[in-house]
Amino acid sequence: MEERLVRHVLIIANWRKEASHALSQTISEYLTQKGITSSIFRTNAEDEPLLVDEGTDLVICLGGDGTVLYCARYLQDLGIPILAINLGTFGFITEISVDEWQEAIEFYLSGKNCISRRLMIRTSVLREGVKVFTAHGLNEMVVSSSGISKVISMALRIGDTDAGFFRSDGMIIATPTGSTGYSLAAGGPILDVDLSSLIITPICPFTLSNRPLVVSGESRVTLTIPKGQRTGLVLSLDGQQTFPLMEEDVIIVEKSRSKALLVTSERRNFIEVLRDKLNWSGGGLHA
């Protein structure tokens with residue numbers, strides 16, 4: 022194990038969570054004692070532009086899963102690891118609890134804990150052949166109705182192959198990290214977070230044979246919105262970025278060139294988080 026060189030840390034604090042106010046200052050003072058400079062970025066909204074100081078070696082994120090998604094979006098092309106500390110109940114992404122922050126930082130500096138390289142997606146919208154929107158996400162991209170009528174129609178293409186025509190309440194394209202989010206609630210599978218795959222999950226499909234599909238992370242997934250919709254449509258990324266869609270828009274989802282770098286917990290792994298969050302531990306065999 023090699024010690025990691027950390028000179029400057031950016032502390033991103035979800036200021037809507039009261040606990041982040043004092044903790045961000047405590048962590049900053051702790052880092053100062055170790056000869057590490059730091060700055061605190063107080064965020065109150067998911068669309069607030071994140072300013073990252075040049076020479077930042079580590080980001081410490083104080084909040085919940087939503088705060089991590091926000092950080093991942095702005096850091097995705099910078100290659101800076103994110104050490105996420107959960108200020109509430111455990112999230113699926115934030116494995117480190119609030120009373121473990123000092124231990125987690127110590128482990129990181131000494132090179133003990135690992136970095137999980139998470140696949141992210143890049144979503145683009147083409148309108149009459151012109152790219153009108155592009156953004157990155159760590160969890161999922163969702164196309165859904167923005168009006169009263171729920172059912173929408175869309176054509177799905179995977180790579181160069183037409184994969185069918187869907188009538189449903191919407192469509193989710195999720196990453197392994199996002200497999201425990203909206204996709205899971207819509208009946209999608211749970212994937213190990215270190216896989217390189219995409220999950221295509223129809224939301225309440227009109228045809229019962231339409232089932233979630235897991236494809237290679239190298240796949241290019243295309244959704245085309247045909248004419249004749251009975252409702253407005255909207256695209257959503259990680260529940261934080263939205264874009265209004267029009268008929269004949271083409272949505273392209275593919276893996277991002279860069280990954281989210283999440284510092285893992287030494288205390289619990291992904292399977293343990295799943296077990297505890299989904300209450301899989303009840304009624305088992307006892308030695």
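Here this note's numbering = 1-based position in the sequence shown + 21. Don't be surprised by glycine CBs; every beta carbon is placed ideally from N, CA and C.
Just to confirm, is the Cβ distance from residue i to residue j under 8 Å?
| i | j | result |
| --- | --- | --- |
| S286 | E116 | yes |
| L258 | I272 | no |
| D213 | S137 | no |
| S240 | G180 | yes |
| I114 | L282 | no |
| R178 | T243 | yes |
| S189 | V172 | yes |
| R63 | A40 | no |
| G132 | E50 | no |
| N160 | T110 | no |
| C82 | L104 | yes |
| S174 | T252 | no |
| S200 | I220 | yes |
| V235 | S217 | no |
| T77 | I101 | yes |
| V119 | L130 | no |
| R37 | N65 | yes |
| S166 | L229 | no |
Quick one: residues in its chain with C-beta nearer than 6 Å to the C-beta of residue i, no 5 flanking neighbours on either side, listed in chain order?
| i | result |
| --- | --- |
| Q262 | A156 |
| A308 | Confidence is the limiting factor: at A308 the pLDDT is only 48, short of 50, which leaves the residue's position unreliable, though a coordinate-based value still follows. Same-chain partners within the cutoff: there are none. |
| T222 | I193, S204, A207, G209 and P233 |
| L147 | V271 |
| V153 | V146 |
| F186 | A176 |
| T245 | A176 and V271 |
| W122 | I106 |
Under 8 Å Cβ to Cβ from residue i, same chain only, skipping five residues before and after it: list those, please.
| i | result |
| --- | --- |
| I57 | V27, R28, H29 and V30 |
| S277 | Q97, L140, M141, I142, R143 and H157 |
| Q250 | I173, S174 and E268 |
Grouping DSSP H, G and I as helix and E and B as strand, with all else coil, what is residue i?
| i | result |
| --- | --- |
| A308 | Any reading at A308 must be qualified, since the residue scores a pLDDT of 48, below 50, and its modelled position is unreliable; the value itself is stated next. Three-state DSSP puts A308 in coil, outside helix and strand. |
| L205 | helix |
| F227 | coil |
| G85 | coil |
| Q262 | strand |
| V164 | strand |
| K152 | strand |
| T245 | strand |
| V236 | strand |
| S302 | coil |
| I114 | coil |
| I126 | helix |
| V73 | coil |
| V214 | coil |
| I173 | strand |
| R288 | coil |
| S277 | coil |
| R296 | helix |
| E50 | helix |
| E24 | coil |
| G109 | coil |
| G199 | helix |
| E67 | coil |
| E121 | helix |
By DSSP's criteria, residue i is part of a beta bridge. Which residues make up the other side?
| i | result |
| --- | --- |
| I103 | V80 and L283 |
| D183 | R178 |
| T222 | I193 |
| G158 | I142 |
| I12 | Nothing can be reported for residue 12: it is not among the residues displayed for the chain, which extend from 22 to 308. |
| S137 | L283 |
| L254 | S166 and L266 |
| L147 | K152 and V271 |
| R94 | R94 is not bridged to any residue. |
| R188 | S174 |
Which residues in the same chain have their Cβ closer than 7 Å to the Cβ of residue i, if we skip the five residues on either side of it in sequence?
| i | result |
| --- | --- |
| R289 | E116 |
| K248 | E268 and E269 |
| L90 | L159, N160, D259 and Q261 |
| A184 | L177 and R178 |
| D86 | G112, F113, I114 and T115 |
Taking only heavy atoms of the ligand FMN into account, decide whether any of them is closer than 7 Å to the Cβ of residue i.
| i | result |
| --- | --- |
| I179 | No copy of the ligand FMN appears in this structure; indeed no ligand is present at all. |
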